[in-house]
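A.B. asks: In order, the protein sequence lines correspond to chains A and B.
First residue of the first sequence? That's -6 in my numbering, and the numbers climb one at a time after it.
First residue of the second sequence? That's 31 in my numbering, and the numbers climb one at a time after it.
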Amino acid sequence: DAKTTQPTSMDCAEGRAANLPCNHSTISGNEYVYWYRQIHSQGPQYIIHGLKNNETNEMASLIITEDRKSSTLILPHATLRDTAVYYCIVRAVYNYGQNFVFGPGTRLSVLP
Amino acid sequence: DAEITQSPRHKITETGRQVTLACHQTWNHNNMFWYRQDLGHGLRLIHYSYGVQDTNKGEVSDGYSVSRSNTEDLPLTLESAASSQTSVYFCASSDRGQGNIQYFGAGTRLSVL
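1) Can you pull the chain A neighbours of residue 136(B), defined as C-beta to C-beta under 7 Å?
2) Do residue 104(B) and residue 119(B) have their C-beta atoms closer together than 8 Å?
3) Helix or strand or just coil, what does DSSP make of residue 4(A)?
4) Would you decide whether residue 130(B) is buried or exposed? Buried here means 16 or more other CB atoms lie within 10 Å of its CB.
5) Bridge partners for residue 103(B) per DSSP, in chain order?
6) Once the 5 residues before and after residue 3(A) are set aside, which same chain residues still bring their CB inside 8 Å of it?
7) Just to make sure I have the definition right: I need the residues of chain D whose C-beta is within less than 7 Å of the C-beta of residue 96(A). Which are they?
8) Output yes or no for whether 8 Å exceeds the beta carbon distance between residue 78(A) and residue 31(A).
9) Quick one: grab the DSSP three-state call for residue 79(B).
10) Could you tell me which chain B residues have their CB closer than 7 Å to the CB of residue 84(A), listed as they occur along the chain?
11) Does residue 94(B) get closer than 8 Å to chain A when you measure Cβ to Cβ?
12) Would you grab the beta carbon distance between residue 113(B) and residue 45(B) for me? Rounded to a whole angstrom, and I think it's under 8 Å.
13) Output, in sequence order along the chain, the residues in the stretch 38 to 55 of chain A whose CB is closer than 9 Å to any CB in chain B.
14) Pick from 96(B), 134(B), 57(B): whose alpha carbon is nearest that of residue 50(B)?
15) Check the DSSP bridge columns for residue 93(A) and list the partner residues they point to.
16) Using a beta-carbon distance below 8 Å, is residue 119(B) in contact with chain A?
Here it is in structure tokens:
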């Protein structure tokens, strides 16, 4: 699975959009981009995933560049409850049974 | 709603004792996983299972065992607990046809004294 690079930490004002970047320059054609987050002391929570098209769900939007070498997770209106560590993970679509490799992630602090 | 539950949420035990952590999912997922999370190491895979009677070792399997007698449960056993196994343990499950998404339990915090 391709390796990802994320900033160590970010701050965001409450009510503003939080844009979390992720670089995955070695991504291959059959690899998806997944985003998870982990709120303190809780289990990782799935947010969104995508292959090459932009995706949106009730939690967030995922923007993947045309060359697929980077992506951005967007939380449109961040709240204090969005304070968490956010993980960007790239995985081959056929690895149904394999584990997710969680890197250090980005610690997002939403400030009042 | 379907869910994945872990029990107990907190456990204190003594070195040398056998400990079993429970994981139960109601999604009927074939794949189940156990991870441990320690400061400075992120999540590390202990064992995983692709289905009933199937178990596989992960990155940090020494001192742990699992068994899969049904689809819903994957208990994790520490044969002889050691202080190095003090950690937070997470169980997860996934299945084909759902975008390869893993769903995690709330975790078990284990302290070995």
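Glycine included, every Cβ here is placed at the ideal spot set by N, Cα and C.
C.D. replies: Walking through what the data contain:
1) Ordered by position in chain A, the residues that pass the 7 Å Cβ test against residue 136(B) are 35, 36.
2) Not closer than 8 Å, so no.
3) Secondary structure at residue 4(A): strand, using DSSP grouped into helix, strand and coil.
4) So residue 130(B) counts as buried.
5) For residue 103(B), DSSP records a beta bridge to 54(B).
6) Excluding residues within five positions, the ones whose Cβ falls inside 8 Å are 11, 13, 99, 100, 101, 102.
7) Of the protein chains in this structure, namely A and B, none is chain D.
8) Going by C-beta atoms, residue 78(A) is nearer than 8 Å to residue 31(A).
9) Residue state, collapsed to three classes: strand.
10) Chain B residues near residue 84(A): 130.
11) It does not: the Cβ of residue 94(B) has no partner Cβ on chain A nearer than 8 Å.
12) Contact holds; Cβ gap of about 6 Å.
13) With the criterion set as a beta carbon lying under 9 Å from some beta carbon of chain B, the members of the stretch 38 to 55 of chain A are 38, 39, 42, in sequence order.
14) For residue 50(B), the nearest C-alpha among the options comes from 96(B).
15) None, per the DSSP bridge assignment.
16) No, residue 119(B) does not count as interfacial toward chain A.
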